[in-house]
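With my numbering applied, the sequence shown corresponds to residues 181 to 602, in that order.
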Amino acid sequence: FDGGFLMALLFAFAGGLILNLMPCVLPVISLKIFSFVKMSGEKRSEIVRHGVLFTLGVLVSFWALAGALIALQASGAAVGWGFQLQDPLFVGILTAIIFVFGLSLFGVFEFGTTFSSWAGQQQSNIGQSSSGKASAFFSGVLATTVATPCTGPFLGPAIGFAMTLSALGSLTVFTFLALGMASPYLLISLFPSLIRFLPKPGKWMVTFKEILGFCMVATALWLVWVFAAQTSMMATSALLVALFGLSVGSWIYGKWGTPLRKRPVRIVAYALTLATLLGSTGLVLRASQMIEEPIELVAVNDPTAESKDIHGWEPFNKERLDYLRSQGIPVFIDFTARWCLICQANHMVLSTEEVEGRMAEAGVVKMLADWTKNDPEITAELKKFGRSGVPLYLLYGKEEEPTILPQMLSPDLVVEYIDTTL
């Protein structure tokens, strides 16, 4: 990163702002906007408090993330942006939480000020109680949690640079990143007149809430796919059973745990809900330990040997890369992860006939550096190019140093880089 510290702060703020448009965070951000619509008739002081607490939740989350990164790096661990999503236990727990959010949005249960309120919803008295304040804070925490798989424009270089700074410097960069992400909502809360530009409350909100429920379930399914890549088929089956248990527990609570039921009925409902919660949690914990090492179709001990999958991609191997470079063979490396949605969108671009045909014509060897699980070799390679996370796209051609492609790809763009580099 050549822009210096001030430019890194600017990039971090811009990157945080753009995070609000990333697909991984859109469901939670939509809920935040939904909560502002519901607050249109509230006092200005309550709206300001709501926005400030949301911002504080985002700040505290990014500080915790930065602190963990700094501590792990100091201990010699090879980590980067999104490192927590390389842990199956974290992915499993996050899947369960988001799945329960989705159930609450469908009306399976109504806590008023629990999981759904953490996502920015309040059934009543927003900001007028400690639970309302907690919901605003935890909605910021949740937004940060689901945003970490994304490294949109500006964000990658800024975070990579932050990892080379002192602890104070890194925290400063992460602070600007958090402020960038929270700034639109803080701005709306400080100037409540902006709420008038949002739709008026009405019956449409019920339908909108249910649509967001589908978004949450889709997010949970995506995380199950990530979990499957990190563990095994048996572990994935256990996670799905845990989600089923949570759905049963949520239904029991919503059906018989409401204040309208008699106290003995509520007690039984609470006990059954707690039992399903504990059982599902235990299943998630057990599933996260069922890790199965992938079986390689072709063992690569010789760097001169090819080991391609059915789509023509070789697994990243530093010795193999060095050999190919010594032979003057062009190489394209896709640094990716299943939990990175931008990576998946770009991989579809790289799989188009136009791009694959041009690479085959130019004799380009395609390497896939899969960072879904922690891989110190891939982490070291990312740091070599000033990155702390994925995606990263390298094209080795005639020059010693590779050409770094943008984080957002299109077929024409990739073909253009191949034509100019080779």
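Backbone N, C-alpha and C define an ideal beta-carbon position, used for all residues, glycine too.
In or out: GLY320 buried (at least 16 other Cβ within 10 Å) or exposed? buried
I'd like the span of the beta strand (DSSP E) that includes MET547, first residue to last. 545-550
May I ask you to check if the CB of SER225 is nearer than 8 Å to at least one heavy atom of the ligand GDP? The ligand GDP is absent from the structure shown, which contains no ligands of any kind.
Going straight from the alpha carbon of LEU283 to that of SER506, what length do you get? 55 Å
Whole-number beta carbon distance between ALA192 and LEU419, since they are thought to touch under 8 Å: In fact, because the Cβ distance is near 34 Å, the residues do not count as touching under 8 Å.
Does the distance from the CB of VAL594 to the CB of VAL535 come in under 9 Å? yes
Nearest to MET187 by alpha carbon, out of LEU392, VAL205 and ALA342? ALA342
From what residue to what residue does the alpha helix (DSSP H) around ILE273 run? 268-285
N- and C-terminal bounds of the beta strand (DSSP E) containing VAL511: 511-516
What are the boundary residues of the beta strand (DSSP E) that includes LEU495? The residue you asked about is not Leu; residue 495 is Pro in the sequence shown. Here the beta strand (DSSP E) through PRO495 covers 493-495.
Can you tell me whether VAL386 is buried or exposed? The criterion is at least 16 other CB atoms within 10 Å of its CB, across all chains shown. exposed
Quick check on LEU199: does DSSP put it in helix, strand or coil? helix
Across the region 395-402 and the region 426-441, are there enough close Cβ pairs to call them in contact, namely three or more that are closer than 8 Å? no
How long is the line joining the alpha carbons of PHE279 and ARG446, rounded to whole angstroms? 23 Å
According to DSSP, simplified to helix, strand and coil, what is LEU530? helix
Residue closest to SER412, alpha-carbon to alpha-carbon, out of ILE375, VAL464 and ILE391: VAL464
For ILE471, which of helix, strand or coil comes out of DSSP? coil
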